[in-house]
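Report on the following structure.
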Amino acid sequence: MNAAQVQAFIRAGLPMADDMDFRIEALEGRSAFARIPFHGRLVRPGGTVSGPTIMALADAAMYAVILAQLENVEMAVTSNLNINFLSKPKPEDLLAEAKILKLGRRQVVCEVSVYSVSNPQELVAHVTGTYVLPM
22 MNAAQVQAFI
32 RAGLPMADDM
42 DFRIEALEGR
52 SAFARIPFHG
62 RLVRPGGTVS
72 GPTIMALADA
82 AMYAVILAQL
92 ENVEMAVTSN
102 LNINFLSKPK
112 PEDLLAEAKI
122 LKLGRRQVVC
132 EVSVYSVSNP
142 QELVAHVTGT
152 YVLPM
């Protein structure tokens with residue numbers, strides 16, 4: 022699947038992704054680049070993007086890279102997600118780069134770097150996750 026197909030698939034199956042305007046910017050090899058455009062509904066007290074928004078971006082980016090690699094795995098599910106919040110994001114678009122670290126028969130291990138659009142050198146969050154593949 023290409024980026025547009027993966028984005029449409031995710032939005033059709035996960036209505037929250039459509040609500041957040043989740044976007045796949047690009048798919049390159051074993052990496053996916055995703056974005057959540059800034060919107061006031063995503064802000065938490067203190068004027069920053071909420072933690073659940075950051076986690077949703079990372080999880081959906083992992084799902085996107087897995088779909089792009091394997092297709093027909095819509096029933097792949099997150100079995101583990103670990104997130105380290107590293108810096109307070111500005112109220113602006115968030116970007117994520119998801120990479121497959123290990124692709125096995127039953128599970129996929131991924132890593133995601135999340136950053137603000139204006140400062141790609143400073144990580145907002147570092148995420149690792151495992152997806153279990155359907156039999």
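Under this note's numbering, the first residue of the sequence shown is numbered 22, with each subsequent residue one higher.
Positions of the beta carbon are idealized from the N, C-alpha and C atoms, including for glycine.
For residue i, does the count of other Cβ atoms within 10 angstroms reach 16, so buried, or fall short, so exposed?
i	result
A25	exposed
C127	In the sequence on display, residue 127 carries Arg and not Cys. The residue in question, R127, is exposed, as its Cβ has fewer than 16 Cβ neighbours within 10 Å.
V98	exposed
G72	exposed
A55	buried
A47	exposed
L116	buried
R62	exposed
G150	buried
Can you check whether the CB of residue j is closer than 8 Å to the CB of residue i?
i	j	result
F59	P112	yes
V86	R51	yes
M22	A77	no
V129	V148	no
A81	F43	yes
Nearest CA to the CA of residue i: which residue from the options?
i	options	result
A89	G61, L102 and K120	K120
K109	M83, P66, V27 and C131	P66
F106	A146, I45 and D80	A146
D114	A53, T69, Q28 and M37	T69
L144	Q28, I75, V64 and P36	I75
Y152	K123, V135 and V138	K123
E103	G125, L91, S139 and V135	The displayed chain sequence assigns Asn, not Glu, to residue 103. That would be V135, whose Cα lies nearest to the Cα of N103.
Report, in whole angstroms, the separation of the C-beta atoms of residue i and residue j, which I expect to be a contact under 8 Å.
i	j	result
M96	P155	4 Å
I45	A53	6 Å
At least one CB of chain C closer than 8 Å to the CB of residue i: is that the case?
i	result
Q28	Here chain C cannot be found, since the structure has a single protein chain.
> Which whole runs of the beta strand (DSSP E) in the region 25 to 54 are 3 residues long or more, in chain order?
Replying inline: Taking only runs of at least 3 residues, the beta strand (DSSP E) segments lying wholly in the region 25 to 54 are 44 to 49.
>> Quick check for students: name the residue ranges of the beta strand (DSSP E) that lie wholly in the region 112 to 137, counting only runs of 3 or more.
In response: Along the region 112 to 137, the beta strand (DSSP E) occurs as fully enclosed runs of 3 or more residues at 115 to 124 and 128 to 137, listed in sequence order.
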